[in-house]
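Residue numbers (the numbering used here): 460 to 636. The beta carbon of each residue, even a glycine, is placed where N, CA and C say it ideally should be.
Right, here's the structure in full:
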């Protein structure tokens, strides 16, 4: 039996995990042929939003990417949320959006979601992306417009849906860098 960080285990811990995380990062960098694999930054953010309606969640995801507010939106179905609402304990199925964007566009996303969300108090939280793959972060920067579009909030969902691009067939998709 081996004890590591106060936990007893029957399996042997790989030697690399015994190094502090900063040393592991240095070892990984030494073994990688590409320098600057990751970049420390606060230029990017991930916004998380939950929806009670999966169709509305998918529609918002498509609009955010089509309008260049987000580079990528993960739509995570079948999330179960437990919460207290108006003094009652609740449990509901929801769909979660994980929106990758520039930090400078978070306020625009929040305003857009507040305007079009069905909930009285939607869950809208954002997290800075402090470290990420340099190629992926550059891809986000290229996909998300730097300048806000003031006309976006004036448009109705129907107007935005009318100009949505039809997604390409999955076989044509290339995963983001």
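Could you check where the beta strand (DSSP E) with residue 556 kicks off and where it finishes?
547 to 561
Next on the checklist: Tell me the DSSP secondary structure of residue 516 in three-state form.
Outcome noted: helix
| Between which two residues does the alpha helix (DSSP H) carrying residue 575 extend? | 565 to 575
Practice problem: Using the Cα positions of residue 594 and residue 520, report the straight-line distance between them to the nearest angstrom. | Solution: 22 Å
Anticipated Cβ contact below 8 Å, residue 539 with residue 552, distance rounded | 6 Å
- Any contact of the region 569 to 578 with the region 502 to 516, i.e. 3+ C-beta pairs under 8 Å? yes
Notebook entry, point to check: In or out: residue 620 buried (at least 16 other Cβ within 10 Å) or exposed?
Noted result: exposed
Exercise. Could you tell me how far apart the beta carbons of residue 562 and residue 606 are, in whole angstroms, since I believe they sit closer than 8 Å?
Key: In fact, because the Cβ distance is near 14 Å, the residues do not count as touching under 8 Å.
Under 8 Å, Cβ to Cβ, is there at least one residue of chain B near residue 598?
Absent from the structure: chain B. Only one protein chain is present.
**Study point:** Where residue 526 falls, given that 16 or more other Cβ within 10 Å makes a residue buried
**Key:** buried
One question on the structure: do residue 524 and residue 591 come within less than 8 Å of each other, judged by their Cβ atoms? no
- prompt: Can you tell which of 601, 511, 596, 588 has its C-alpha closest to the C-alpha of residue 549?
  reply: 511
Note to self: Here's the rule I'm using: 16 or more other beta-carbon atoms within 10 Å means buried, otherwise exposed. How should residue 564 be labelled?
What the structure shows: buried
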